[in-house]
Amino acid sequence: MTQKQVAVIGGGVVGVCTAYFLAEAGHDVVVIERHHNVAQEASFTNAGMVAPGYVAPSAAPGMPRRILSSLFRSESAVTLKASTERALWRWARSWLDECELDRYRINRSRMQRIAFYSRNLLHLMREHYQIDYEQTQGLLQLFRSEKDLAFVHPAIDMLAEQDIPFLMLDPDGARAVEPTLASHTPLAAALYLPEDETGNCPLFAKRLKYIASSIGVQFHFTSTVEALEPEAGGIGLRINGNRFSADAVVVAAGADSARLLKPLGIRVPIYPVKSYAATALIKNFDHAPRAAMVDEAYNVSLARMGGRIRLAGIAEIGTRNNELQDRALRTLVKVGSDWFPHAASYAKSNFWCGTLPSLPDGPPLLGATPVRNLFINIGHGAHGWTMAAGSGKVVADLVSGRVPEIDLDGLTLARYG
């Protein structure tokens, strides 16, 4: 393998993992990040789930009807803003096509392939470097009604087909797993994924940054890549008005990736879906959750991270601002209060919103592009933490001229070719 000078654009958890595996392979690596530290955007208040069993595309059978039925509720999992933006309507049409059952099964299988590989790598890294990132074990998917349960039957069928460990629980069984679940909130059933887990994504990213730095990765913060320019034998980068060169470039810039790729003739159907999170300090540890839950009715996750509870979810489609909408915040507070009312003061949470780089079909895009020496690691949506290590290793292998350890069918630009 020839050592290369490689620039990774983006310091989220996906970019940091990519840089680590590139450096481990022997390359001279620099990470270019526009913020003052790693994991400051989508990774900052990530839901925390490393959940290959749960991972799934947002485009699913019955989802369009479910979204429409929730639009006029005071609390809702999805908010649609009226927009004439062509990019949104193109994305929405593609998303609707992907809601068919056969497409859902294909997309979920692709996502799980990279997600299970990623979790295995994460465990190896955790054990080798003794990284503590406030990890917990187990995930409960909560169904308030039989209607919520019926919606996930295709996912349950796939779990059984793929021999992924899971348990279907009645309310008593769910409370045996999580004794502090409130008894007053309606609960029809729960699905327990014992091998899925959670962890503090930005904490992991920052610790991996120091490990990567120790093996030679350089991090350049408050640096914005304005353009990419192909050149003989490499790629030129315009950064803060100056021009630099690299043998290879990996774009891992989240929702900003489309802007960098479009002038090069590479069009990817990434749309920035706005998401919300709340972080509440635990005030009563005896009433706090042990691990992680997902409220299927509101598509809100709830995870324990040390002395805090992280609530995350709500998809707001059609807006590109960072304003906090009361409706979304009410939904987060409701979910926390419904399930663990005495654990924290959810209305006093630290609230955040940001954009998730979402593709209409769900799986990320990894690997080479039509531009020589330009690679991508993009489009993970809400599952960047789940797929980060595996995606980084795949791209590092491709940059190094190695054959990746997993099948990349459906995970490259070829699926849009």
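My numbering puts the first residue of the sequence shown at 12, with every later residue one more than the last.
Even for Gly, the Cβ is constructed at its ideal location relative to N, Cα and C.
Can you tell me the Cα-Cα spacing of residue i and residue j, whole angstroms?
| i | j | result |
| --- | --- | --- |
| Leu424 | Leu370 | 12 Å |
| Ser224 | Ala199 | 49 Å |
| Trp363 | Gly227 | 33 Å |
| Cys196 | Arg137 | Correcting the residue identity first, residue 196 is Thr in this sequence and not Cys. Between Thr196 and Arg137, the C-alpha separation is close to 37 Å. |
| Ile78 | Ile222 | 43 Å |
| Gly347 | Tyr357 | 7 Å |
| Gly37 | Gln14 | 6 Å |
| Val163 | His394 | 18 Å |
| Ser268 | Asp181 | 44 Å |
| Val406 | Ile328 | 30 Å |
| Lys220 | Val25 | 12 Å |
| Ser85 | Asn310 | 15 Å |
| Thr380 | Asp108 | 25 Å |
| Pro165 | Ala62 | 17 Å |
| Glu307 | Gln123 | 19 Å |
| Val305 | Arg383 | 42 Å |
| Gln173 | Ile389 | 26 Å |
| Asp420 | Lys345 | 41 Å |
| Tyr31 | Leu135 | 14 Å |
| Arg49 | Val19 | According to the sequence as given, residue 49 is Val; it is not Arg. Taking the straight line from one Cα to the other gives about 12 Å. |
| Arg97 | Ile277 | 18 Å |
| Asp113 | Tyr128 | 23 Å |
| Arg218 | Tyr140 | 10 Å |
| Leu160 | Ala185 | 14 Å |
| Thr73 | Trp106 | Thr is not the amino acid found at residue 73; the sequence shown has Gly there. Rounded to the nearest angstrom, the two C-alpha atoms are 12 Å apart. |
| Val284 | Pro75 | 16 Å |
| Glu511 | Arg155 | Since the first and last residues shown for the chain are 12 and 428, residue 511 lies out of range. |
| Phe296 | Ala126 | 31 Å |
| Tyr427 | Pro213 | 31 Å |
| Ile417 | Ser312 | 29 Å |
| Ser360 | Gln51 | 18 Å |
Confirm, please, whether the CB-CB distance from residue j to residue i is below 8 Å.
| i | j | result |
| --- | --- | --- |
| Pro374 | Arg104 | no |
| Met169 | Arg119 | yes |
| Ala303 | Ala314 | yes |
| Leu202 | Ile175 | no |
| Ala326 | Ser286 | yes |
| Ile281 | Ala299 | no |
| Phe232 | His47 | yes |
| Gly23 | Gly265 | yes |
| Leu343 | Leu322 | yes |
| Lys404 | Leu82 | no |
| Trp396 | Leu192 | no |
| Leu272 | Val279 | yes |
| Glu145 | Met316 | yes |
| Leu275 | Leu239 | yes |
| Ala88 | Gly324 | yes |
| Gly392 | Pro368 | yes |
| Thr330 | Ala53 | no |
| Tyr115 | Ala171 | no |
| Ala259 | Thr29 | no |
| Ile293 | Ala354 | yes |
| Asp157 | Arg301 | Position check: residue 157 holds Glu in this sequence, whereas Asp was assumed. No, these two residues do not count as a Cβ contact at 8 Å. |
| Phe386 | Leu422 | no |
For residue i, which residues does DSSP report across the bridge?
| i | result |
| --- | --- |
| Arg249 | Ala238 and Arg254 |
| Tyr203 | Leu151 and Leu178 |
| Val61 | Glu208 |
| Gln229 | Val41 |
| Cys110 | Bridge partners of Cys110: none, in fact. |
| Ser369 | Tyr282 |
| Glu327 | Thr90 and Lys285 |
| Asn388 | Leu377 |
| Gln16 | Asp39 |
| Phe362 | Ala289 |
| Ala355 | Ile293 |
At least one CB of chain D closer than 8 Å to the CB of residue i: is that the case?
| i | result |
| --- | --- |
| His298 | Protein chains in the displayed structure number just one, and chain D is not present. |
ask   = Can you give, in chain order, each stretch of the beta strand (DSSP E) that sits fully within the stretch 18-56 and has at least 3 residues?
value = 39-43
task = With a floor of 3 residues, list each beta strand (DSSP E) that falls wholly inside the stretch 253-325, ordered by position along the chain.
result = 253-257, 259-262, 282-292, 303-306 and 311-316
request  = Check whether the stretch 232-251 touches the stretch 42-49, taking contact to mean three or more Cβ pairs, one atom from each stretch, closer than 8 Å.
outcome  = yes
query = Which runs of the alpha helix (DSSP H), 4 residues or longer, sit entirely within the stretch 155-179?
reply = 157-162 and 164-172
query = Looking at C-beta atoms only, is the number of pairs between the stretch 198-212 and the stretch 149-160 that lie closer than 8 Å three or more?
reply = yes
inquiry  = Using 8 Å as the cut-off, can you tell me whether the stretch 232-243 makes contact with the stretch 86-105, which would need three or more C-beta pairs spanning the two stretches below that distance?
reply    = no
ask   = Can you find at least 3 beta carbon pairs, one from the stretch 96-103 and one from the stretch 50-62, that sit closer than 8 Å?
value = no
query = Three or more C-beta pairs closer than 8 Å, one from the stretch 332-339 and one from the stretch 64-76: is that the case here?
reply = no
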